[in-house]
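Okay, structure first, notes after.
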Amino acid sequence: MGLFRCRFEAAAPKIHAILSTGSQVVVCSSLATPLVIRQAFDAGALAYIPKTAGAEVLTTAVLAAARGEKFVLPELAGVFEVPGPRIRLTPREHEAVTLYLGGSGGTMADVGASLGISADGVKKLLVSVRRKAHNGLEPLSRPALRELLIADGWLLPDR
1 MGLFRCRFEA AAPKIHAILS TGSQVVVCSS LATPLVIRQA FDAGALAYIP
51 KTAGAEVLTT AVLAAARGEK FVLPELAGVF EVPGPRIRLT PREHEAVTLY
101 LGGSGGTMAD VGASLGISAD GVKKLLVSVR RKAHNGLEPL SRPALRELLI
151 ADGWLLPDR
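Here it is in structure tokens:
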């Protein structure tokens, strides 16, 4: 079984490297978005578990992978039905919007601390995302941007 920690854009090569040894891969990540989950499975992972999942879910996923079976939480199974993204975000922009708009959300200072950048750096990333996602005359509010990114597969809706 392979276990590693990395930024997600570097995960696929590591998943491939682990698979080449004959091991199976279970991904456990704080980025639980349709795009990231699909990328993990496309790279060959047999399970994708959000870091918020409990120990029994992780155990179930690891045991399924050890048997060579895929494991997907029922609440994440719908990610395979979401079309590919229209909006093109960089991995860093994706991380920022996931932390800023996903789940409980966070302040720009919180997101900056998580990413190791300033709140101003976070603001610049979010301005770039808003520019890429903007399709009208009115500026995008935080809820409107979140809804657009959910519809595009970058974020999961609230459960």
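Going by the UniProt record's numbering, the letters in the sequence shown line up with residues 1 to 159, in that order. Glycine included, each C-beta is placed from N, C-alpha and C at the ideal position.
Inter-residue spacing [alpha-carbon to alpha-carbon] between residue i and residue j
{"i": "V129", "j": "D110", "result": "18 Å"}
{"i": "G153", "j": "A133", "result": "13 Å"}
{"i": "E56", "j": "L63", "result": "10 Å"}
{"i": "residue 234", "j": "F71", "result": "Past the edges of the chain, shown from 1 to 159, lies residue 234, and the structure says nothing about it."}
{"i": "A12", "j": "Q39", "result": "8 Å"}
{"i": "L46", "j": "L126", "result": "32 Å"}
{"i": "A53", "j": "I87", "result": "29 Å"}
{"i": "P157", "j": "L149", "result": "10 Å"}
{"i": "I117", "j": "L73", "result": "33 Å"}
{"i": "G2", "j": "R67", "result": "For G2, the predicted model reports a pLDDT of 48, less than 50, meaning its position is unreliable; a value from the coordinates is still stated below. Rounded to the nearest angstrom, the two C-alpha atoms are 14 Å apart."}
{"i": "D120", "j": "T60", "result": "41 Å"}
{"i": "S141", "j": "E147", "result": "10 Å"}
{"i": "K14", "j": "M108", "result": "30 Å"}
{"i": "K51", "j": "L58", "result": "9 Å"}
{"i": "E81", "j": "I37", "result": "12 Å"}
Start-to-end residues for the alpha helix (DSSP H) that takes in residue i
{"i": "S128", "result": "119-133"}
{"i": "S20", "result": "11-20"}
{"i": "I150", "result": "142-151"}
{"i": "A65", "result": "55-66"}
{"i": "E138", "result": "Premise fails: E138 is in no alpha helix (DSSP H) and is neither H nor E."}
{"i": "A113", "result": "108-115"}
{"i": "T90", "result": "T90 -> no alpha helix (DSSP H), and no H or E assigned at all."}
Span of the beta strand (DSSP E) around residue i
{"i": "I49", "result": "47-50"}
{"i": "S29", "result": "26-29"}
For residue j and residue i, believed in contact at Cβ under 8 Å, the rounded distance
{"i": "V97", "j": "P34", "result": "About 13 Å separates the two Cβ atoms, so there is no contact after all."}
{"i": "L99", "j": "L145", "result": "The pair is not a contact, with the Cβ atoms about 14 Å apart (cut-off 8 Å)."}
{"i": "I18", "j": "V27", "result": "About 10 Å separates the two Cβ atoms, so there is no contact after all."}
{"i": "A32", "j": "L76", "result": "7 Å"}
{"i": "V122", "j": "G112", "result": "5 Å"}
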